[in-house]
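Please read the structure below before turning to the comments.
In mature numbering (1 follows the signal peptide of the UniProt record, and there is no 0), the protein residues as written are -25 to -1, 1 to 181.
Encoded structure:
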């Protein structure tokens, strides 16, 4: 029945749009930093606040003392006027969905992903015997906690587009000169580090 299929498609689209709209924000945060999570707009006077991390209660307030739970003890604050939650000294375990209940009303959730800063990379090179072509590798200790990462290269005054590959193949004819200063840049959503420069000296007269 065509009308039934159209209805199912409409319902499916509605559910998809609803699921997208329900997430208030989605951001990357750095290990050790502080983040402020807003519950969204609250028009009435706030009389109770509960923040959940996934299914677990992280902190709650019912007009008296603010009560944090689990690993949130000693590193979170709640604004009783806005409902905002501040978490300090972030760890990877803090990643996930946070949902506020203000005056027993469930607000739109906020998702954060906590990752580590990238380390400073180094550049290694492997050239052919004629010294006309070299493969450069941007090396760093990348763990799951630092991903996603991208690489780019500074060749003289120019820069290559960001890429998921940590290697660059460069030929003498690509540089426009026999000698070039080259470095690589490693980035993730919360940090960026650049290697020291290395000098590539191609064979002259080849």
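Virtual Cβ for every residue (Gly too), placed ideally from N, Cα, C.
request  = Consult DSSP for residue 165 and reduce its assignment to one of helix, strand or coil.
outcome  = coil
Cβ-Cβ separation, residue 167 to residue 160 (assumed contact under 8 Å), whole Å = 6 Å
Cβ-based neighbour list, residue 13, same chain, cut-off 6 Å, excluding 5 preceding and 5 following = 59
request  = Let me know the secondary structure DSSP gives residue 1 once reduced to three states.
outcome  = strand
message = To the nearest angstrom, how far is the alpha carbon of residue 173 from that of residue 29?
response = 47 Å
query = For residue 68, which of helix, strand or coil comes out of DSSP?
reply = helix
task = Could you tell me whether the region 106 to 117 touches the region 138 to 146, where touching means 3 or more Cβ pairs closer than 8 Å?
result = yes
ask   = Does any C-beta atom of chain D lie closer than 9 Å to the C-beta of residue 140?
value = In summary, chain D is missing from the structure at hand, where a single protein chain is found.
query = In terms of DSSP beta bridges, what is residue 158 paired with?
reply = 129
task = Decide if the region 1 to 8 is in contact with the region 39 to 50; the criterion is three or more beta carbon pairs, one per stretch, under 8 Å apart.
result = no
query = If we count Cβ pairs, one from each stretch, closer than 8 Å, do we get three or more for the region 30 to 38 versus the region 109 to 122?
reply = no
query = Given a threshold of 16 other Cβ atoms within 10 Å of its Cβ, counted over all protein chains shown, does residue 136 qualify as buried or as exposed?
reply = exposed
query = Do residue 88 and residue 70 have their CB atoms nearer than 9 Å?
reply = yes
message = Can you list, in chain order, the residues of its chain with a C-beta nearer than 6 Å to that of residue 95? Leave out the 5 residues immediately preceding and following it.
response = 168
inquiry  = Tell me the rounded alpha-carbon separation between residue 25 and residue 77.
reply    = 7 Å
query = Are the beta-carbon atoms of residue 67 and residue 41 separated by less than 9 Å?
reply = no
query = Can residue 154 and residue 176 be called in contact, C-beta distance under 9 Å?
reply = yes
message = Buried or exposed, going by whether 16 or more other CB atoms sit within 10 Å of the CB of residue 124?
response = buried
ask   = Using the beta-carbon count (16 or more within 10 Å), is residue 64 buried or exposed?
value = exposed
inquiry  = Tell me the rounded alpha-carbon separation between residue 21 and residue 163.
reply    = 38 Å
request  = Less than 8 Å between the CB atoms is what I'm expecting for residue 133 and residue 83, so what's the real figure, rounded?
outcome  = That belief does not hold up - the Cβ atoms of residue 133 and residue 83 are roughly 44 Å apart, past 8 Å.
inquiry  = Quick check on DSSP: helix, strand or coil for residue 175?
reply    = strand
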